[in-house]
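**Student:** Quick one: the structure is below, questions incoming.
Numbering (our numbering), first residue to last: 3 to 314.
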C-alpha cells in the first residue's frame, strides 16, 4: 500500500470540516479534486470512509478509527511546518556561542545587543569559558561557534584532526602594567630579563594568556615565577594598581586604570606579538539559520586583512 500524504491530508480536512466544499476551500483546490482524492483513497484502502447526507458528510466507524491516527500525524506535521517557517523568518530559534572572558567583555557585547534587536524571538546562550574549554565544546557540538582570543598561528589550540574554519575578526595587544610603587620602571625601556626580576601578577597555568606569556619569555630563555596567579583577567589590573606586582593583561582590561593614572604601561625593549580575536566554527556540521544570521553581523566588521583557514 502506497497512499500519499496528500490523500490523507485531503481526508483529514474533509473529516474535520464535515464538507467536501469546505475542504476544497481549505486546500485551495476544486471540489471535484477533493471528491476524486477521497474516491481513490477509498479504493486504495478498500473501505468506505464517508456517509453522505444533506447536512454534509460523516465518518463511517472504520474511518473514525483511521481519522484519530491521521489527525495526530497531520497536526504534528503542520506544527513542524509552522515551527520551520518561524525559524526561517528568525521569529524563534537559538544561537549557542562560546566566548572567552576577553572577547565577551570587549568585543561580543555590541553584537549580542544588535542581534537581539533584530531578532528578539531568538534565544542566545553564551558559554563564558577558557579557549580550550570552548574549543572542546565546539568539537562535541555543545556550541554552534566560538569567539575566542587566539595566539599567533593558533599554536596549541587547533588540533590536526579538527574540521574548523577560523576567521580573524580583530587584533589586540597585551601589555605589561605596574602601579606607582614601581615608578623605577616608568619612562624608560625595560628588558624582559630585568622585568622578570620583579614580582608578577598573571593568569594561572593552563590558560591561553599564561601560555602566551610563557612562550614570549621563553624566546629570551626566561621564565616567570608569579607571586600571584589568577583564574580571571579582570582582577589583574586592580591588583597591579594596588602595587602587588607587574601585571600582564590585554590593553582593553587596563584602559580605564591607565587613563586614571593608577597604573602605567611598561615600555619593553622587545615587541609583544599581537593576538587575534577569531570566530571558529565547524566545517563538517551546517550552522542553523539563526547561527548564520549572527555570523553575518561580522561581515562588515572583519578587518580587510582577515584570514580564513579550514582545518581538516
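Think of the CB as a built atom: it goes at the ideal place given N, C-alpha and C, for glycine as much as any other residue.
It should be emphasised that the depicted structure is a prediction, and the values quoted were computed from it without experimental measurement.
1. What residue range does the alpha helix (DSSP H) around residue 76 cover?
2. DSSP puts residue 278 in a beta bridge; with which residues?
3. How big is the Cα-Cα spacing for residue 200 and residue 159?
4. Taking just the CA atoms, how far does residue 90 sit from residue 151?
5. Reducing DSSP to helix, strand and coil, say where residue 394 ends up.
6. Assuming residue 108 and residue 254 make a contact with CB atoms under 8 Å, what is their CB distance in whole Å?
7. Does the separation of the CB atoms of residue 325 and residue 10 fall below 7 Å?
8. Can you name, in chain order, every residue of its own chain whose Cβ lies under 7 Å from the Cβ of residue 234, other than the five neighbours on each side?
9. Go through its chain and collect everything with a Cβ distance to residue 1's Cβ below 6 Å, but skip five positions before and after it.
10. Grab me the residues of residue 312's own chain with a C-beta within less than 7 Å of its C-beta, minus the 5 sequence neighbours each way, in chain order.
11. Nearest by alpha-carbon distance to residue 197: which of 206, 47, 204 and 187 is it?
12. Taking the straight line between their C-alpha atoms, what separation do you get for residue 249 and residue 95?
13. Looking at the unbroken beta strand (DSSP E) that takes in residue 41, where does it start and where does it end?
14. Which residues in the same chain as residue 208 place their Cβ atom closer than 8 Å to its Cβ, once the five residues preceding and following it in sequence are excluded?
15. Spatial neighbours of residue 76 within its chain, please: C-beta separation below 8 Å, excluding the five flanking residues on both sides.
16. Mind checking which residues open and close the alpha helix (DSSP H) that includes residue 29?
17. Determine the direct distance from the alpha carbon of residue 19 to that of residue 26, and round the result to whole angstroms.
18. For residue 96, name the three-state secondary structure that DSSP assigns.
19. Taking 7 Å as the cut-off, decide whether the C-beta atoms of residue 174 and residue 252 are in contact.
20. Could you give the residue range of the beta strand (DSSP E) that holds residue 53?
21. Assuming residue 296 and residue 117 make a contact with CB atoms under 8 Å, what is their CB distance in whole Å?
22. Are the CB atoms of residue 219 and residue 226 within a distance shorter than 7 Å?
23. In this structure, what does DSSP give as the bridge partners for residue 198?
24. What first and last residue would you give for the beta strand (DSSP E) that runs through residue 231?
25. Note down, in chain order, each residue of its chain lying with its Cβ closer than 6 Å to the Cβ of residue 60, except the 5 sequence neighbours on either side.
26. Pick out whichever of 55, 56, 50 and 70 has its Cα sitting closest to the Cα of residue 62.
27. For residue 229 and residue 93, I'd like the C-alpha separation in whole angstroms.
28. With a threshold of 6 Å on Cβ separation, who are the neighbours of residue 269 within its own chain once the five nearest residues in sequence on each side are excluded?
29. Of the choices 32, 138 and 80, whose alpha-carbon is the least far from that of residue 163?
**Tutor:** Judging by the given coordinates:
1. 63 to 90
2. 152 and 173
3. 30 Å
4. 31 Å
5. The structure shown has nothing for residue 394, since the chain only spans 3 to 314.
6. 4 Å
7. Residue 325 lies beyond the residue range present for the chain, which begins at 3 and ends at 314; the question has no answer from this structure.
8. 103
9. No answer is possible for residue 1: the residues shown for the chain start at 3 and end at 314.
10. For residue 312, the predicted structure reports a pLDDT of 46, less than 50, and the residue's modelled location is therefore unreliable. A value from the coordinates is still provided. 167 and 285.
11. 187
12. 42 Å
13. Not the beta strand (DSSP E): residue 41 falls in the alpha helix (DSSP H), residues 33 to 47.
14. 132 and 134
15. 10, 11 and 14
16. 22 to 29
17. 10 Å
18. strand
19. yes
20. 52 to 55
21. 5 Å
22. yes
23. Beta-bridge pairing links residue 198 to no other residue.
24. 230 to 232
25. 53
26. 50
27. 51 Å
28. 191
29. 138
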